[in-house]
Amino acid sequence: MGLGGVALLTLLTGCDVGAAFDGFGWPQGGITPQANQMYDLWIGSVIAALAVGVFVWGLIFWCIIRYRKRGDQLPAQTRFNMPMEFLYTIAPILVVSVLFYYTAVVQTDVDRVSAEPDVVVEVVGFKWNWQFNYRDAVGEDANTIASTVGSSDVIPVLVVPSERTVRFEETSTDVIHSFWVPELLFKRDVFPGSIRNYFEVTITQNGAYVGRCAELCGTYHSMMNFEMRVVDPEQYDRFIAEKQAGASTQEALRSIGEEPYAVTTFPFDTRRDVQNFGNTSAQGAGS
């Protein structure tokens, strides 16, 4: 069974079994190599679990039929069955060992980071929005060369290049948040204080992808959205140059031929009007 699990997981990397069954509940359409690895691991694990389940169900129904009551005479009584005890002791160990091996391999690849990534973005979560600082190096002591801040009026747009290594370094100004883009098939918590989470990806598909906070953080948690805009490396370089020259995020996006505002989500209604607050001064303009 262990060898069968290895063969099964290896086979699944070459065929899209998940597409026929809607990913077995796992989101499809990953946009990074790490996302594809996690997707393959999930599909392989589900197929392996189903194979073991079918085998166990088969044994159960076989015993029900084969050893059903045929009269009042008791069957031969035995103290143990050595082959069966060996099977149900060794088989689970083999199955768990195979799954542990593949999980460790994928986890190592997902958590792997390079010494000098192409792009470093500091993700700052706050109640209830996001700030994205483009940095000139890794680590807390690096310099911010450009920044985008969301507001109640404007969804923050995080611009990153495709086919380049992008490291996200996360911190929070208040409570725990969670940085999540569904197409990454991955999320990581954003902690306040000295804990600085990070991860690194290489995005392979251009496009606009909604991002969310995946940790219950307060009143407007469900509205704490952002948009990740993946563009060509040349467009990204021009975007950063425009930001450094003093352009707003919207102006810089226009300069590279992109929509200036988020297209996958929209700002929420804060109800900060005259009736509720007496003024509208609490609303920001974004940048």
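400 is the number that our numbering gives the last residue of the sequence shown; the numbers go up by one with no jumps.
Glycine included, each C-beta is placed from N, C-alpha and C at the ideal position.
My output table needs one value for residue i: the three-state DSSP class, helix, strand or coil.
i	result
Ala395	For Ala395, the pLDDT reaches just 40, beneath the cut-off of 50, and the residue's location in the model is therefore unreliable, although a value from the coordinates is still provided. Coil.
Ser260	strand
Leu207	helix
Val218	helix
Pro295	helix
Tyr333	coil
Thr378	coil
Thr278	strand
Thr202	helix
Closer than 7 Å by C-beta to residue i: which residues in its own chain qualify, once you throw out the five before and the five after it? Chain order, please.
i	result
Pro373	Gln363, Leu366, Arg367
Val294	Tyr322, Gly324, Met341
Asp350	none
Skipping 5 residues on each side, what residues in its chain have a beta carbon closer than 8 Å to that of residue i?
i	result
Asn319	Ser275, Val343, Val344, Asp345
Val232	Tyr247, Val273, Pro274, Arg277, Thr278, Val279, Arg280, Tyr349
Pro305	Thr284, Ser285, Thr286, Asp287, Val288, Ile289
Shortest alpha-carbon distance to residue i belongs to which of the options?
i	options	result
Asp135	Ile156, Asp224, Ala161	Ile156
Ala358	Phe281, Phe213, Ile258, Trp175	Ile258
Ala228	Tyr333, Met337, Gly138, Glu313	Glu313
Met337	Pro380, Ala133, Lys356	Pro380
Val251	Val262, Val236, Asn242, Gly263	Val236
Starting from residue i, follow its DSSP beta bridges and name the residues at the other end.
i	result
Asn310	Glu283
His290	Val303
Trp243	Gly238
Leu271	Met341
Ala441	Residue 441 is absent from the model: the chain starts at 114 and stops at 400.
Arg248	Val233, Thr257
So the beta strand (DSSP E) residue i belongs to, where does it begin and stop?
i	result
Asp302	299–303
So residue i is in the alpha helix (DSSP H); what residue range does that whole segment cover?
i	result
Trp155	146–179
Glu235	That residue, Glu235, is in no alpha helix (DSSP H); its beta strand (DSSP E) goes 232–239.
Arg367	362–368
Val226	Counting along the chain, Val226 falls outside any alpha helix (DSSP H), and DSSP gives it neither H nor E.
For residue i, which residues in the same chain have their Cβ closer than 6 Å to its Cβ, ignoring the five residues on either side in sequence?
i	result
Phe352	Val272, Ala365, Ile369
Gly331	Lys240
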